[in-house]
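Residue numbers (this note's numbering), protein chains in the order written: chain A, 1 to 345; chain B, 346 to 690.
In this text, a Cβ means the ideal position worked out from N, Cα and C, and glycines have one as well.
Structure record follows, encoded as C-alpha cells.
Number of protein chains: 2
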Amino acid sequence: MLMTEDYRFLKACRREEVDCTPVWMMRQAGRYLEEYRALRADRTFLEMCRTPELAAEVTLQPMRRFDLDAAIIFADILLPLPGMGVDLSFAKGEGPVIGNPVRSVEDVDSLLPLQPEEHVPFLKEAIQRVRKELEGRAPLIGFSGAPFTLASYMIEGGGSKNYVNAKGLMYGRPDVWHRFMDKVSDAIISYLNFQVEAGVQAVQLFDSWVGTLGPADYQEYVYPHSQRILQSIDKKIPTIHFGTGNATLLPLMKKAGGDVIGVDWRSDLGDAWSLLGHDVGIQGNLDPVTLFAPVEVIESRVQRILSSAGNRAGHIFNLGHGILPQTPVEHAGAMIEAVHRLSAR
Amino acid sequence: MLMTEDYRFLKACRREEVDCTPVWMMRQAGRYLEEYRALRADRTFLEMCRTPELAAEVTLQPMRRFDLDAAIIFADILLPLPGMGVDLSFAKGEGPVIGNPVRSVEDVDSLLPLQPEEHVPFLKEAIQRVRKELEGRAPLIGFSGAPFTLASYMIEGGGSKNYVNAKGLMYGRPDVWHRFMDKVSDAIISYLNFQVEAGVQAVQLFDSWVGTLGPADYQEYVYPHSQRILQSIDKKIPTIHFGTGNATLLPLMKKAGGDVIGVDWRSDLGDAWSLLGHDVGIQGNLDPVTLFAPVEVIESRVQRILSSAGNRAGHIFNLGHGILPQTPVEHAGAMIEAVHRLSAR
Chain A
1 MLMTEDYRFL
11 KACRREEVDC
21 TPVWMMRQAG
31 RYLEEYRALR
41 ADRTFLEMCR
51 TPELAAEVTL
61 QPMRRFDLDA
71 AIIFADILLP
81 LPGMGVDLSF
91 AKGEGPVIGN
101 PVRSVEDVDS
111 LLPLQPEEHV
121 PFLKEAIQRV
131 RKELEGRAPL
141 IGFSGAPFTL
151 ASYMIEGGGS
161 KNYVNAKGLM
171 YGRPDVWHRF
181 MDKVSDAIIS
191 YLNFQVEAGV
201 QAVQLFDSWV
211 GTLGPADYQE
221 YVYPHSQRIL
231 QSIDKKIPTI
241 HFGTGNATLL
251 PLMKKAGGDV
261 IGVDWRSDLG
271 DAWSLLGHDV
281 GIQGNLDPVT
291 LFAPVEVIES
301 RVQRILSSAG
311 NRAGHIFNLG
321 HGILPQTPVE
331 HAGAMIEAVH
341 RLSAR
Chain B
346 MLMTEDYRFL
356 KACRREEVDC
366 TPVWMMRQAG
376 RYLEEYRALR
386 ADRTFLEMCR
396 TPELAAEVTL
406 QPMRRFDLDA
416 AIIFADILLP
426 LPGMGVDLSF
436 AKGEGPVIGN
446 PVRSVEDVDS
456 LLPLQPEEHV
466 PFLKEAIQRV
476 RKELEGRAPL
486 IGFSGAPFTL
496 ASYMIEGGGS
506 KNYVNAKGLM
516 YGRPDVWHRF
526 MDKVSDAIIS
536 YLNFQVEAGV
546 QAVQLFDSWV
556 GTLGPADYQE
566 YVYPHSQRIL
576 QSIDKKIPTI
586 HFGTGNATLL
596 PLMKKAGGDV
606 IGVDWRSDLG
616 DAWSLLGHDV
626 GIQGNLDPVT
636 LFAPVEVIES
646 RVQRILSSAG
656 NRAGHIFNLG
666 HGILPQTPVE
676 HAGAMIEAVH
686 RLSAR
C-alpha cells in the first residue's frame, strides 16, 4: 500500500528521485488487449466511454496485466464535443465523423459552453470508481485534447493530411480563429477541472496534431491558448504537455506550460531534454512500432532511451505515441518489465 | 540569355552571392495548373510520364507562367519501380498501388537491377527536350526518391500511417533490410546518373517519408545508403537532399551528403541553418497551405523566411513540401514575385 506522495509516477512528475523510472503507455486501455475487445464486441465506442462501469473496467484492465506506474482514464479526446453542439459519431471502422464541421463565424458563434456535470457526468463516476480500485497501487491520469487538435478536428470534420481548412481560418481570419480557440479552450478548462475535482491525480494535454505547425504559427495561433489552459488547472496536480511531431516546438510548448513535456519518438530523448532544459520533466519516447520487434530489440531500444535520459530525476517512460491495436500484448509487458529492471537505481 | 554559370539557382547551390534569392516549387509541374489538367484529362498519369513530348511540355508549363529560377523534370518518384520488377499502377483517384509488395527475403532477392536505357528511356528524351527549350533561361533539376522512401513504399505497397511492415523488417531482419536498401540504392544511383548524363544540371533526393524515423534509426538503417547514393553522383552538379518532418535528422542528413539540405515548414529556416552549419546551402520552406491565404499573408510569410535566412549566400526559396493541387495559381505567382522583390540585394 503506497501513500499518494510515494507514487513513483507522481514523484517523477515533481522531478524527485525514484527507485526506478516509472512507465505507462498512451492508449494503454485499448484494442491491443483481448479483454478490451471482448467488452467492446457488442457495444459502440461511445457506449463504452459513457458507461462508468465499463470505462472504469477498461481503465483497470492494463493495470491488472502489467506493472504500470499510472492509469489513464478511458475516454476519447472528442468527448467534450457533443456538449458544445458538435454532431459527433463514430462510423464503424472509420473513426470519428463530424456532421457539422465548423467553417464560418456563425458556426463558431453557435458553439455552446461545455457543462461537464450535464454533458459528461459519466466521467466523474468512472474516475471515482477507478480511484477506489487503485488506492495505494497507482495514480490516475485525466486528459483532454489540446485546443489546436480539437479545433482542427472540428474544422476539418475528421482526420486531415494538410489541414487546409484549419490553416485557412488561421491565416485568413485570425480574429475568428482566436475567438474559436477561446471557446474551445474554455471547454477544455472546465472539462479538465471537472476531472480534477472528480479525483484524477495528474492531467495530460494531448496536442496530437500540432506537428503540422512550424514554431511561428504555433506561437501566434496556439501558444496563448494552450498556456491559458495549463495555467487554469488546479496547481496541486502535475500537468503533462504532449505533442506529436513536435521537435521544433519543444521550447514553446515548455513556455506554454506543463510540469512534464511529452516527446514523440522522432527526437533523441536526451537531446530533447537538453533543448527543453532540465528544469522540466520529460515523458517518452519509444516508437510504438518497436513493440512489434523481437523482445531483445525492444530491450535494446528501452536501454538506449534510458541511457539518453541518464537516470536523471524527472523522466517518465512512455511510448512516443499511442500503443497500436495489433501490438503483441507480451511485448508491451516485456517493455514495462525492461524499463523497471534496466533503470533500477 | 544567361550562361550556365550565371544561373541564380546554381550559384545559390554553390553558395555564391546572387542578385536575389532563387525560387522554385516542389511539384511545380502539376495539377494546380489548368494547362496541366487539360493535357492530363484524357491520359493516365504514367502515360504523361512516359511520353517525352508530354513530360517535356508539362515541365515547361510553369516556366512559361512564372519567373521560376529552375525547372524540375516531370516524373514520379516511383518510375524506377517497374524496371525492378515491381507491379505498379495508378488507380483512379487513389494514387499508386503496388500489386506485389516486398515482404520477404525472396521478394528482395527477386528484384531486378534497373536498366535505365531500357526501363526509363523516355526520361532521357524528355530531359533533352527541356534542356533545349530552357537554354539560357534556367537550369533543369533531375530527381529520385531516397532509398528509405522508395523501400518503404515497396514494402507497404502504398502510403502508410505507421510503417509497421517497413519498420518490422528493419527491426526484425536488419540483414534483409540492408540487402534490400543496397538494391534500391543501386537502382537510384543508375537512375540519377542516367538523368545526369541526359543533361540535368542538379539533382534532388526526396526522402518524403523519412520523418517517421528518429535519429538513431536513421543513422543505422538509412544513413549509409543515402550517403552512398549522394557520393555516387557525378560531382560536377549540385545535389539537394530533402526530407519531410526531418527536423531532428538534419545533422545526419547533412553528413549523408548534399550541397543543399531541403527543410520542410516545421522548422524555422534560420534555426535549421544554424543547426546544419553555414557550410551547406538550405532550401525551403514556406508551408504550402500558406498559398491558400490572402496575398498579404503570403508576402509576410515570405518576408519572415527571407529574414530568417538573412540574405546569406546559399538559400534557395521553395515550399516546405509539394504545391497542393487546389492552390490558386495567382497566389503561387505572387509568392515567386515576392521572393525576388523582397530579397533583392
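For leucine 140(A), list the residues DSSP reports as bridge partners.
Ala71(A)
Under three-state DSSP, which class holds threonine 396(B)?
coil
Residues of the region 280 to 295 of chain A in Cβ contact with chain B at a cutoff of 7 Å, in chain order, please.
Asp287, Val289, Thr290, Phe292, Ala293 and Pro294
Compute the Euclidean distance between the alpha carbons of glutamate 106(A) and valine 18(A), then round it to the nearest angstrom.
52 Å
Does the beta-carbon of glycine 444(B) have 16 or more other beta-carbons within 10 angstroms, so that it is buried, or is it exposed?
exposed
Would you mind telling me which residues of chain B sit closer than 8 Å to threonine 248(A), beta carbon to beta carbon, in chain order?
Ala592, Arg611, Ser612, Asp613 and Asp616
Please name the residue, chosen from Pro560(B), Asp632(B) and Arg524(B), that lies closest to isoleucine 668(B) on a Cα-to-Cα basis.
Asp632(B)
Mind listing the chain A neighbours of lysine 512(B)? Cutoff is C-beta to C-beta under 9 Å, in chain order.
Asp287, Val289, Thr290, Phe292 and Ala293
Any Cβ of chain D within less than 8 Å of the Cβ of valine 297(A)?
Chain labels in this structure do not include chain D; the protein chains are A and B.
Compare the C-beta of arginine 304(A) against all C-beta atoms of chain B and say whether one is closer than 8 Å.
yes
For leucine 114(A), count neighbouring C-beta atoms within 10 Å of its own C-beta (all shown protein chains included) and say buried if the count is 16 or more, exposed if not.
Residue burial is scored here from C-beta neighbours: leucine 114(A) has at least 16 other C-beta atoms within 10 angstroms and is therefore classed as buried.
In this structure, how does DSSP classify aspartate 19(A) when only helix, strand and coil are distinguished?
Three-state result, aspartate 19(A): coil.
DSSP has glutamine 549(B) in a bridge; who is on the other side?
Phe488(B) and Ile585(B)
I'd like to know if glycine 95(A) contacts chain B, where contact means its C-beta is closer than 8 Å to some C-beta of that chain.
Under the Cβ criterion of 8 Å, glycine 95(A) is not counted among the residues facing chain B.
Looking only at C-alpha atoms, which of Gly602(B), Arg690(B) and Pro596(B) sits nearest to aspartate 616(B)?
Pro596(B)
Per DSSP, what are the beta-bridge partners of histidine 623(B) in this structure?
For histidine 623(B), which the question treats as bridged, DSSP gives no partner whatsoever.
Along chain A, in chain order, which residues have C-beta atoms closer than 7 Å to that of asparagine 507(B)?
Val289 and Leu324
Quick check: is the beta carbon of proline 121(A) nearer than 8 Å to any beta carbon in chain B?
no
Note down, in chain order, every chain A residue with its Cβ under 9 Å from the Cβ of glycine 502(B).
Here the premise fails: no neighbours, minimum Cβ distance about 17 Å.
So if I threshold CB-CB distances at 9 Å, which residues from the region 551 to 562 of chain B count as touching chain A?
Gly556, Thr557, Leu558, Gly559, Pro560, Ala561 and Asp562
What do you reckon, is the C-beta of alanine 483(B) under 7 Å from a heavy atom of the ligand ATP?
Absence of the ligand ATP from the depicted structure is noted, as is the absence of any ligand whatsoever, leaving it without description.
Quick one: Cα of aspartate 217(A) to Cα of proline 367(B), how far?
24 Å
Using C-beta distances below 8 Å, list every residue in its chain close to valine 674(B), excluding the 5 sequence neighbours before and after it, in chain order.
Tyr377, Leu378, Glu379 and Arg410
Note the first and the last residue of the continuous alpha helix (DSSP H) segment covering glycine 95(A).
Where glycine 95(A) is concerned, there is no enclosing alpha helix (DSSP H), although the beta strand (DSSP E) it sits in stretches over 95 to 98.
So, is methionine 25(A) buried or exposed, given that buried needs 16 or more other C-beta atoms within 10 angstroms?
Flag for methionine 25(A) reads buried.
If you run the structure through DSSP and keep just helix, strand and coil, what is valine 260(A)?
strand
Quick check: is the beta carbon of tyrosine 32(A) nearer than 8 Å to any beta carbon in chain B?
So, not an interface residue.
Decide yes or no for the touch test of the region 78 to 95 of chain A against the region 187 to 206 of chain A: beta carbon pairs closer than 8 Å, at least 3 of them.
Touching, yes.
Taking alanine 338(A) as the reference, which of Gln326(A), Gln303(A), Ala309(A) and Gly310(A) has the closest Cα?
Gln303(A)
Arginine 8(A) to glycine 136(A), Cα distance in whole Å?
12 Å
Under 8 Å, Cβ to Cβ, is there at least one residue of chain A near glycine 517(B)?
yes
Between Lys92(A), Lys183(A), Met63(A) and Asp268(A), which has its C-alpha nearest isoleucine 229(A)'s C-alpha?
Lys183(A)
Could you work out which residue in Ala75(A), Phe194(A) and Gly310(A) is closest to aspartate 349(A) when comparing CA atoms only?
Given that chain A is displayed from residue 1 to residue 345, the structure contains no residue 349(A) and the question cannot be resolved.
Go through its chain and collect everything with a Cβ distance to alanine 344(A)'s Cβ below 8 Å, but skip five positions before and after it.
Asp19 and Cys20
Going along the chain, which unbroken runs of the beta strand (DSSP E) with 3 or more residues stay wholly within the region 625 to 663 of chain B?
Counting only runs that start and end inside the region 625 to 663 of chain B, the beta strand (DSSP E) elements of at least 3 residues fall at 626 to 631.
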